[in-house]
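J.:
This is the structure we're talking about:
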């Protein structure tokens with residue numbers, strides 16, 4: 045995220061904001077237009093946040109004054125005026141409001157009314173960085189809350205050893221990873237080696253990932269796998285690999301980080317989904333790999349790939365961020381153009397229809413999404 049070919053026209057802050065301006069759950073999607081949050085798609089647990097349980101095939105306004113959004117399986121969270129809000133399914137306390145009652149509109153997370161810098165969601169848990177300290181809540185069956193217990197929590201608890209210096213956090217299905225002072229730590233379920241420590245044992249406190257003790261600049265978790273970018277843009281992944289989501293040319297599970305083919309340098313950001321992965325290179329081109337059952341790799345077909353393949357135009361340049369759901373993807377480009385592809389069984393592509401799939405990126409509405417609402421002049425070299 046720190047260096048892109050058009051960095052002279054878009055500040056790193058604006059890039060980071062646009063990357064966190066989009067989010068996907070199992071079958072729903074959210075995106076920012078300026079500071080106004082819109083969501084659409086699957087809504088059987090109120091994860092869209094419009095006060096109903098009705099699926100929405102087109103974007104609907106949810107919340108104003110929002111600076112970041114995160115979503116996972118059946119719930120959504122956002123930062124609004126520095127405070128954390130969540131909504132949707134809440135059977136294990138993943139909304140952080142002290143209850144286990146599903147909410148169809150945003151509710152405040154206890155103890156997170158201001159100073160929240162980063163928000164993240166896992167399958168049934170959520171996390172936030174506040175003043176450099178990491179807090180998590182919700183499902184803790186795998187130890188993914190990192191508080192040295194396996195007890196579910198309906199409000200935030202401090203993650204052990206993460207009281208300062210935390211700059212990034214990501215949630216998988218049942219595990220969590222965070223970057224602290226340039227080092228990567230993971231904890232929670234480890235049935236497929238997704239913690240990267242060479243074993244299959246779950247852990248309820250953060251553990252340092254071997255080979256990731258310095259220079260880590262970005263991390264992303266899929267349901268059962270994890271990826272990280274090191275200084276210089278080299279991408280590594282590990283964990284479950286049944287669909288080739290690690291990108292090493294095999295379908296063999298890896299319990300320690302392995303290099304992704306063709307991604308040895310120049311990778312700016314990475315995102316993980318359920319059985320597939322996408323990354324953005326420094327020129328803004330998107331590559332995806334792994335499961336492609338619903339066209340989620342964006343290549344025009346439904347063939348799985350064990351190595352990165354280029355996503356079809358216009359996501360072949362100037363892409364600022366991507367977010368991966370179970371079977372669909374949303375991407376935002378320079379100039380505010382939003383594109384979606386993959387499964388559309390609940391209207392999660394935001395195209396006004398329900399059903400079917402799109403094997404290539406489709407534009408959602410006008411190019412007025414994200415934080416940068418005008419197209420800056422791009423320097424040609």
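In this note's numbering, the protein residues as written are 45 to 425. Note that CB positions come from ideal geometry on N, CA and C, so glycine has one too. Keep in mind that this is a model prediction, so the values were computed, not measured.
#1: What whole-angstrom Cβ distance do residue 254 and residue 231 have, given they're in contact under 8 Å?
#2: Taking only three categories from DSSP, how would you classify residue 331?
#3: Grab the span of the beta strand (DSSP E) containing residue 129 for me, first residue to last.
#4: Per the DSSP calculation, residue 227 is bridged to which residue(s)?
#5: Out of 210, 166, 177, 256, point me to the one whose CA is closest to residue 219's CA.
#6: In angstroms, rounded to a whole number, what distance separates the CA positions of residue 287 and residue 209?
#7: Are the beta-carbon atoms belonging to residue 257 and residue 227 less than 8 Å from one another?
#8: DSSP puts residue 235 in a beta bridge; with which residues?
#9: Mark residue 241 as exposed unless 16 or more other C-beta atoms lie within 10 angstroms of its C-beta, in which case mark it buried.
#10: To the nearest angstrom, how far is it from the Cα of residue 98 to the Cα of residue 119?
#11: DSSP state of residue 313, grouped into three classes?
#12: DSSP on residue 320, reduced to helix/strand/coil?
#13: Given this structure, state the Cα-to-Cα distance separating residue 336 from residue 405, to the nearest angstrom.
#14: Can the beta-carbon of residue 332 be found less than 8 Å from the beta-carbon of residue 304?
#15: Between residue 176 and the rest of its own chain, which residues show a CB-CB distance below 6 Å, the 5 nearest in sequence each way excluded?
#16: Let me know the secondary structure DSSP gives residue 111 once reduced to three states.
#17: Can you look up residue 412 in the DSSP assignment and give me helix, strand or coil?
#18: Given a threshold of 16 other Cβ atoms within 10 Å of its Cβ, counted over all protein chains shown, does residue 108 qualify as buried or as exposed?
#19: Give every residue of the same chain whose Cβ lies closer than 6 Å to the Cβ of residue 112, excluding the five residues on either side of it in the sequence, and list them in chain order.
#20: Distance, Cα to Cα, residue 201 vs residue 154?
#21: Closest to residue 402 by C-alpha separation, out of 389, 148, 409, would be which residue?
#22: Quick one: residues in its chain with C-beta nearer than 6 Å to the C-beta of residue 236, no 5 flanking neighbours on either side, listed in chain order?
#23: Excluding sequence positions up to five away, which residues of its chain have a Cβ less than 7 Å from the Cβ of residue 264?
#24: Classify residue 381 as helix, strand or coil using the three-state DSSP reduction.
#25: Which class does residue 275 belong to by DSSP, given the choice of helix, strand or coil?
#26: Looking at C-alpha atoms only, which residue of 347, 216, 82 is the closest neighbour of residue 368?
#27: Assuming residue 392 and residue 73 form a contact by the criterion Cβ under 8 Å, report the distance between their Cβ atoms to the nearest whole angstrom.
#28: Straight-line CA distance for residue 294 to residue 348?
#29: Thinking C-alpha only, which one of 75, 379, 353, 394 is nearest residue 362?
#30: What's the gap between the Cα of residue 203 and the Cα of residue 179?
#31: Does the Cβ of residue 418 have 16 or more other Cβ atoms within 10 Å, making it buried, or fewer, making it exposed?
#32: Go ahead and label residue 170 buried or exposed: buried means 16 or more other beta carbons lie within 10 angstroms of its beta carbon, across all protein chains shown.
#33: Tell me which residues share the same chain as residue 81 and place their Cβ nearer than 7 Å to its Cβ, disregarding the 5 neighbours each side in the sequence.
#34: Hey, could you find the ends of the beta strand (DSSP E) residue 173 is sitting in?
#35: Is residue 338 helix, strand or coil by DSSP?
#36: Is the beta carbon of residue 386 sitting closer than 8 Å to the one on residue 339?
T.: In short, the structure shows the following:
#1: Residue numbering aside, residue 254 sits at position 210 when the chain shown is read from its first letter. Residue numbering aside, residue 231 sits at position 187 when the chain shown is read from its first letter. That belief does not hold up - the Cβ atoms of residue 254 and residue 231 are roughly 14 Å apart, past 8 Å.
#2: Numbered from 1 along the chain shown, position 287 holds the residue referred to as residue 331. In the displayed model, residue 331 falls within a strand according to three-state DSSP.
#3: Taking the first residue of the chain shown as 1, we reach residue 129 at position 85. Per DSSP, the unbroken beta strand (DSSP E) holding residue 129 starts and ends at 127–132.
#4: On the chain shown, residue 227 is found 183 positions in, with the first residue counted as 1. Checking the DSSP bridge columns, you'll see residue 227 partnered with 224.
#5: For the purposes of this step, residue 219 is identified with residue 175 of the chain shown, where counting begins at 1. Nearest of 210, 166, 177, 256 to residue 219, Cα basis: 166.
#6: As a first step, residue 287 is located in the chain shown; it is residue number 243 there, counting from the start. As a first step, residue 209 is located in the chain shown; it is residue number 165 there, counting from the start. Approximately 35 Å, taken between the alpha carbons.
#7: Sequence index remark: in the chain shown, residue 257 carries index 213 (1-based). Sequence index remark: in the chain shown, residue 227 carries index 183 (1-based). Contact flag set, yes.
#8: The residue you call residue 235 lines up with position 191 of the chain shown. The partner list for residue 235 (beta bridge, DSSP) is empty, contrary to what the question assumes.
#9: Numbered from 1 along the chain shown, position 197 holds the residue referred to as residue 241. Buried, by the Cβ-count rule.
#10: Looking up residue 98 in the chain shown gives position 54. Looking up residue 119 in the chain shown gives position 75. Each residue's Cα considered, the two are about 15 Å apart.
#11: For the purposes of this step, residue 313 is taken as residue 269 along the chain shown, with counting starting at 1. Correct three-state label for residue 313: strand.
#12: Numbered from its first residue, the chain shown carries residue 320 at position 276. Three-state result, residue 320: strand.
#13: If you number the chain shown from 1, residue 336 lands on position 292. If you number the chain shown from 1, residue 405 lands on position 361. If you draw a straight line from the Cα of residue 336 to the Cα of residue 405, it is about 14 Å long.
#14: As a working mapping, residue 332 is identified with position 288 in the chain shown. As a working mapping, residue 304 is identified with position 260 in the chain shown. Between residue 332 and residue 304, the CB-CB gap reaches or exceeds 8 Å.
#15: As a first step, residue 176 must be located in the chain shown, where it is residue number 132. Excluding positions up to five away in sequence, the list reads 208, 209, 210.
#16: One-based indexing of the chain shown puts residue 111 at position 67. It is a strand residue.
#17: Here residue 412 refers to the residue found at position 368 of the chain shown. Looking at residue 412 - three-state DSSP - the assignment turns out to be coil, as it is neither helix nor strand.
#18: The sequence position of residue 108 within the chain shown is 64, counting from 1. Per the 10 Å Cβ criterion, exposed.
#19: Taking the first residue of the chain shown as 1, we reach residue 112 at position 68. Taken in chain order, the residues that qualify are 64, 123, 163.
#20: The residue you call residue 201 lines up with position 157 of the chain shown. The residue you call residue 154 lines up with position 110 of the chain shown. Spanning the two alpha carbons is a distance of roughly 10 Å.
#21: Indexing the chain shown from 1 puts residue 402 at position 358. Comparing alpha carbon positions, the residue from 389, 148, 409 closest to residue 402 is 389.
#22: The residue you call residue 236 lines up with position 192 of the chain shown. Hits under 6 Å: 268, 283, 284, 297.
#23: Walking along the chain shown from the start, residue 264 turns up at place 220. If we look at residue 264 and ignore the five residues flanking it on each side, its Cβ neighbours are 214, 271, 314, 315, 316.
#24: Reading the chain shown from its first residue, position 337 is the one you call residue 381. In this structure, residue 381 counts as coil in the three-state DSSP scheme.
#25: For the purposes of this step, residue 275 is taken as residue 231 along the chain shown, with counting starting at 1. DSSP, read as helix, strand or coil, puts residue 275 in coil.
#26: The residue labelled residue 368 in the question sits at position 324 within the chain shown. The closest CA to that of residue 368, considering only 347, 216, 82, is found on 216.
#27: Here residue 392 is taken as the residue at index 348 of the chain shown, counted from 1. Here residue 73 is taken as the residue at index 29 of the chain shown, counted from 1. Right, the Cβ-Cβ distance comes to about 5 Å (below 8 Å), so this counts as a contact.
#28: As a working note, residue 294 is residue 250 in the chain shown. As a working note, residue 348 is residue 304 in the chain shown. The straight-line gap from Cα to Cα measures roughly 12 Å.
#29: The residue you call residue 362 lines up with position 318 of the chain shown. It is 379.
#30: Start at 1 with the first residue of the chain shown, and residue 203 comes out as number 159. Start at 1 with the first residue of the chain shown, and residue 179 comes out as number 135. Looking at the two C-alpha atoms, the distance is approximately 6 Å.
#31: Indexing the chain shown from 1 puts residue 418 at position 374. Here the model assigns residue 418 a pLDDT of 31, short of 50, so the residue's position is not dependable, and the following value carries that caveat. Residue 418 comes out exposed.
#32: If you number the chain shown from 1, residue 170 lands on position 126. So residue 170 counts as buried.
#33: Position 37 of the chain shown, counted from the start, is the residue given in the question as residue 81. If we look at residue 81 and ignore the five residues flanking it on each side, its Cβ neighbours are 74, 106, 107, 110, 113, 122.
#34: As a first step, residue 173 must be located in the chain shown, where it is residue number 129. Element bounds for residue 173: 169–174.
#35: Looking up residue 338 in the chain shown gives position 294. In the structure shown, residue 338 sits in coil (DSSP, three-state: anything other than H, G, I, E or B).
#36: Here the question's residue 386 lines up with position 342 in the chain shown. Here the question's residue 339 lines up with position 295 in the chain shown. For residue 386 and residue 339, yes; Cβs fall inside 8 Å.
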